[in-house]
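In my numbering, the protein residues as written are 757 to 1262.
Working notes for the structure below.
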């Protein structure tokens, strides 16, 4: 009962995100709430661990406000509280990268370098202490809350909406939204760690998280107006899933051959057309829609609109019956003269194609993280079986041929992970990532295909049955070679980058 009361209390506070930061909270109220959060984080019981993400988000916002007040001399009691040894120890015990304490970021569009200066000194495959803490928290969440429902969701071809809400409740949605809007202000790298850990258990949940964080919220963060951010960020952090509408029947690999159009009439635009292969469309509440405002201008007329689900004329159509990622609804979305105000245009008119290119580069790193997590998940389920299963009076693992195969697969996964981490860190550092993103997605997708196929073979007959999760990993991984740019498109991109480097001497 106590834990239930605390859960309700925390959730109520979390829904006040903008107000929590903007209103003038008294220093003593901040201090007492932080002490409460520290106390709650150490309460015994498994349920408390699931709330850790919630406490972390609240702590991040309150710590940011507390530090601002202490720095400008408005609250000596807060300054003493924040700098005391016991306080630092308590806060650190509930802190993860999603709660960056003592933030000095004043630009809401500025992103932190993942893990701070420590991360810059780390090898590509290593995590800072904070990043490792976050990784462990997400892994625990996935194991306890997602794993028990994976098989049921796959068989039904439906997402358990309780899991989606749990993603919000644990601070795993809208991760890159800055603190000034009530967000965790995580880095792109950290968002990809979340994707990887979720994919180890279920890639379907990971892809929902990926699209929501690395495409939808990031696009609004980078190009949205202040009004749009204030309007949508609280929803995207609390209970509303975002969806990205680009692909059409005749616009797949040729992504900008769009036929959807937006005709202007005064202060409004009327969107007509149909989108295909739209992730999370079955339950998304906000859609970023690419439509052409000037067909004669070709791709230079493509513009991005923010469209709410309940807008008249927007309907979600057929849900695809897919080979893999079955718990991730992939649907058609139809627009029948959908009326949107010009204030719903995201960024500049005619710049939608630029935004799509930029977001797809980030999205490809997210797909790479999915594939790395998926491949690792397959290995994590296969190796224990090989150590237990006996043939010829010894465990399968004792055969050198088996060990060599697993060693090779594990090496491939680690290389894919390093490539993915490198691309994500480069993105956070503001470096060009076109080639690195394409390489990471291509290689990780190929590795996932290889690993899951071999794992099925290594496990023999049981690997071919639904009694073990390996066959699902095998089915899920195929999407990695297809969506957000098929493997051949990635190879084309890599080749173009190599040609450009040769021409410029870089």
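Positions of the beta carbon are idealized from the N, C-alpha and C atoms, including for glycine.
Whole angstroms is fine: what's the gap from residue 1155's alpha carbon to residue 1123's?
Against the chain shown, residue 1155 aligns to sequence position 399. Against the chain shown, residue 1123 aligns to sequence position 367. Cα to Cα, the separation comes out at about 34 angstroms.
Could you have a look at residue 1073 and say whether DSSP puts it in helix, strand or coil?
The residue given as residue 1073 occupies position 317 in the chain shown. Three-state DSSP puts residue 1073 in a strand.
Taking only the alpha-carbon atoms, compute the straight-line gap between residue 1165 and residue 1061 and give it to the nearest angstrom.
Numbered from its first residue, the chain shown carries residue 1165 at position 409. Numbered from its first residue, the chain shown carries residue 1061 at position 305. Whole-angstrom Cα-Cα distance: 43 angstroms.
Are residue 956 and residue 1080 close, meaning C-beta to C-beta below 8 angstroms?
Here residue 956 is taken as the residue at index 200 of the chain shown, counted from 1. Here residue 1080 is taken as the residue at index 324 of the chain shown, counted from 1. No, they are not a contact pair.
Euclidean distance between Cα positions of residue 1185 and residue 975:
Residue mapping note: residue 1185 aligns to position 429 of the chain shown, counting from 1. Residue mapping note: residue 975 aligns to position 219 of the chain shown, counting from 1. Cα to Cα, residue 1185 sits roughly 18 angstroms from residue 975.
8 angstroms Cβ cutoff met for residue 1089 and residue 1072
What you label residue 1089 is simply residue 333 of the chain shown in a count that begins at 1. What you label residue 1072 is simply residue 316 of the chain shown in a count that begins at 1. Yes, these two residues count as a Cβ contact at 8 angstroms.
Nearest to residue 1019 by CA position, among 1038, 987, 1057 and 988, is which residue?
Locating residue 1019 in the chain shown gives position 263, counting from the first residue. Selected option, being the one with the closest Cα: 1057.
On a CA-only basis, which of 938, 964, 1253 and 1086 is nearest residue 947? Give me that one, please.
Position 191 of the chain shown, counted from the first residue, corresponds to residue 947. Of 938, 964, 1253 and 1086, the residue nearest in Cα terms is 964.
Could you pull the start and end residues of the alpha helix (DSSP H) that residue 1089 belongs to?
In the chain shown, the residue the question calls residue 1089 occupies position 333. Taken as a continuous stretch (DSSP letters only), residue 1089 belongs to no alpha helix (DSSP H), being part of the beta strand (DSSP E) at 1086-1097.
For a test of the three-state rule: what should DSSP assign to residue 974, helix, strand or coil?
The residue labelled residue 974 in the question sits at position 218 within the chain shown. If DSSP states are grouped into helix, strand and coil, residue 974 belongs with the helices.
On the DSSP bridge list, what partners appear for residue 1254?
Locating residue 1254 in the chain shown gives position 498, where the first residue counts as 1. Answer is none; residue 1254 lacks a bridge partner.
I'd like to know if the stretch 1219-1229 and the stretch 1244-1254 are in contact, where contact means that at least 3 CB-CB pairs between them fall below 8 angstroms.
no
Just to confirm my understanding: we take residue 1109, look at its own chain, exclude 5 residues before and 5 after, and list those with CB closer than 6 angstroms. What are they?
Working through the chain shown from its first residue, we reach residue 1109 at position 353. Here the set comprises 1012, 1055 and 1058.
Apply the 10 Å Cβ neighbour rule to residue 1042 and answer buried if 16 or more other Cβ atoms are within range, or exposed otherwise.
Within the chain shown, the letter at position 286 stands for residue 1042. Classification for residue 1042: buried.
Excluding the 5 residues preceding and the 5 following residue 985 in the sequence, name in chain order all residues of the same chain whose CB lies nearer than 8 angstroms to its CB.
Taking the chain shown and counting its residues from 1, one reaches residue 985 at position 229. Excluding sequence neighbours, residue 985 sits near 864, 937, 976 and 977.
What residue range is occupied by the uninterrupted alpha helix (DSSP H) comprising residue 1039?
On the chain shown, position 283 is the one that residue 1039 refers to. Per DSSP, residue 1039 belongs to no alpha helix (DSSP H) and is neither H nor E.
Can we say the stretch 1202-1212 touches the stretch 1232-1239, given the rule of at least three CB pairs closer than 8 angstroms?
yes
According to DSSP, is residue 1049 helix, strand or coil?
In the chain shown, residue 1049 corresponds to position 293, counting from 1. In the structure shown, residue 1049 sits in coil (DSSP, three-state: anything other than H, G, I, E or B).
Length of the line joining the Cα atoms of residue 1170 and residue 1179
For this step, residue 1170 is matched to residue 414 along the chain shown. For this step, residue 1179 is matched to residue 423 along the chain shown. Residue 1170 and residue 1179: Cα-Cα distance of roughly 14 angstroms.
Residues bridged to residue 882 [DSSP beta-bridge criterion]:
In the chain shown, the residue the question calls residue 882 occupies position 126. Note: residue 882 sits in no beta bridge, so no partner.
Through-space distance from residue 1230 to residue 711, alpha-carbon basis
Residue coverage of the chain in this structure runs from 757 to 1262, which leaves residue 711 outside it and unanswerable.
I'd like the span of the alpha helix (DSSP H) that includes residue 1122, first residue to last.
As a first step, residue 1122 must be located in the chain shown, where it is residue number 366. Element bounds for residue 1122: 1108-1144.
Run of the beta strand (DSSP E) containing residue 1222, from where it starts to where it stops:
In the chain shown, residue 1222 corresponds to position 466, counting from 1. Where residue 1222 is concerned, there is no enclosing beta strand (DSSP E), given that its DSSP letter is neither H nor E.
Do you know offhand how far residue 960's Cα is from residue 1208's?
Working through the chain shown from its first residue, we reach residue 960 at position 204. Working through the chain shown from its first residue, we reach residue 1208 at position 452. Rounded to whole angstroms, residue 960 to residue 1208 spans 16 angstroms at the Cα level.
Backbone secondary structure at residue 1163 - three-state DSSP:
Sequence index remark: in the chain shown, residue 1163 carries index 407 (1-based). In this structure, residue 1163 counts as helix in the three-state DSSP scheme.
Since residue 1048 and residue 1016 should fall inside the 8 angstroms C-beta cutoff, what is the C-beta to C-beta distance between them, to a whole number of angstroms?
The residue you call residue 1048 lines up with position 292 of the chain shown. The residue you call residue 1016 lines up with position 260 of the chain shown. Residue 1048 to residue 1016, Cβ: 7 angstroms. Contact.
Where does residue 990 sit, in a helix, a strand or coil, going by DSSP?
Taking the chain shown and counting its residues from 1, the one referred to as residue 990 is at position 234. Helix, per DSSP.
Just the C-alpha distance for residue 869 and residue 887, rounded to the nearest angstrom, thanks.
Translated into the one-based positions of the chain shown, residue 869 becomes position 113. Translated into the one-based positions of the chain shown, residue 887 becomes position 131. Unreliable positioning characterises residue 869 in this predicted model, as indicated by a pLDDT of 46, which lies under 50. The coordinate reading is nonetheless provided below. Cα to Cα, residue 869 sits roughly 12 angstroms from residue 887.
Where does residue 872 sit, in a helix, a strand or coil, going by DSSP?
In the chain shown, residue 872 corresponds to position 116, counting from 1. With a pLDDT of 42 at residue 872, under the threshold of 50, the predicted position of this residue should be treated as unreliable, though the coordinate-derived value follows. DSSP places residue 872 in helix when its eight states are reduced to three.
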